[in-house]
Amino acid sequence: MPELLDLYRTAAARGDLRSDTAQEKVLARLAVLSDALAASTPRGLLGRFRKPAEKLKGLYIFGEVGRGKTMLMDLFFAHAAIASKRRVHFHAFMQDVHARLHALRRNQAQDAIAPVAKAIAAESRLLCLDEMQVTDIADAMILGRLFEGLLAAGTVIVTTSNLAPADLYKDGLNRQLFLPFIRLIEERL
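By our numbering, the letter at position 119 of the sequence shown is numbered 151, and the numbering carries on one by one without gaps.
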């Protein structure tokens with residue numbers, strides 16, 4: 033399979049995109065992550081009994097509108113040689129999370145965030161979220177525990193945003209409760 037950077041450079045040489053040094057730096061990090069994902073994915077019957085691989089660090093890609101963040105993530109997603117992967121717009125992802133939480137809360141009185149995180153992690157070893165933006169207090173309060181559960185289960189998260197992590201949910205209600213999520217992004221993505 034062609035290397036991620038080679039695919040990018042070939043597309044630039046064809047004139048499909050304009051080569052950009054900042055994009056190449058991000059792609060280099062995504063290429064390392066892609067290789068690590070492929071190497072850590074169990075293969076065959078004996079692979080299922082192998083000791084779990086070290087948890088991989090994801091990536092939070094942010095920058096101005098039109099810088100190619102989504103294109104880079106999509107190239108990475110298409111190139112990632114694992115079957116258990118999901119690429120979704122952040123807003124649609126949160127709608128799915130809310131629907132799952134609602135369904136679980138109807139059937140049980142206990143906390144539903146942990147089982148939702150576990151279910152999503154079981155479905156996707158790689159989770160690519162496009163255009164993370166947090167403006168809703170409900171999302172802000174859910175995200176920290178949701179991402180903690182996903183990361184603890186070994187899900188690798190790659191996300192794009194127009195905002196630096198420190199600017200997410202800026203001036204939001206009870207923002208101090210959201211700050212641990214920002215630290216989580218800065219440390220684990």
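C-beta: ideal position from N, C-alpha, C; glycine also. Quick caveat, the model's predicted, so the values are computed rather than measured.
DSSP-derived helix/strand/coil call for residue i
| i | result |
| --- | --- |
| Y201 | coil |
| L49 | coil |
| S156 | coil |
| L216 | helix |
| R99 | coil |
Contacts around residue i, its chain only, beta-carbon distance under 7 Å, and the 5 residues preceding and following it disregarded
| i | result |
| --- | --- |
| L205 | I169 |
| I217 | Y92, P197 |
| F81 | Because F81 sits at a pLDDT of 47, beneath the cut-off of 50, its placement in the model cannot be relied upon, and the following sentence gives the value as read from the coordinates. Closer than 7 Å at the Cβ level, and outside the excluded window around F81, lies no residue. |
| R61 | L91 |
| L209 | M173 |
Cβ-Cβ distance between residue i and residue j below 7 Å
| i | j | result |
| --- | --- | --- |
| L175 | F213 | yes |
| T192 | K101 | yes |
| V187 | A151 | Just to set this straight, residue 187 is Thr in the shown sequence, not Val. No. |
| S66 | A112 | yes |
| A131 | L178 | no |
| M105 | V190 | yes |
| I133 | A144 | Inspection of the sequence shows that residue 133 is occupied by Leu rather than by Ile. Contact flag set, yes. |
| L161 | F108 | no |
| L36 | A54 | no |
Same chain, Cβ closer than 8 Å to residue i, five either side skipped, listed in chain order
| i | result |
| --- | --- |
| I114 | L69, A70, T73, R157, L158 |
| E96 | N194 |
Same chain, Cβ closer than 6 Å to residue i, neighbours up to 5 away in sequence not counted
| i | result |
| --- | --- |
| Q183 | Before going further, note that residue 183 is Leu rather than Gln in the sequence given. Within the same chain, L183 has close Cβ partners R220. |
| Y40 | L59 |
Cross-strand partners of residue i (DSSP beta bridge)
| i | result |
| --- | --- |
| V190 | L91, C160 |
| K117 | L158 |
Decide if the stretch 37–57 is in contact with the stretch 96–110; the criterion is three or more beta carbon pairs, one per stretch, under 8 Å apart. yes
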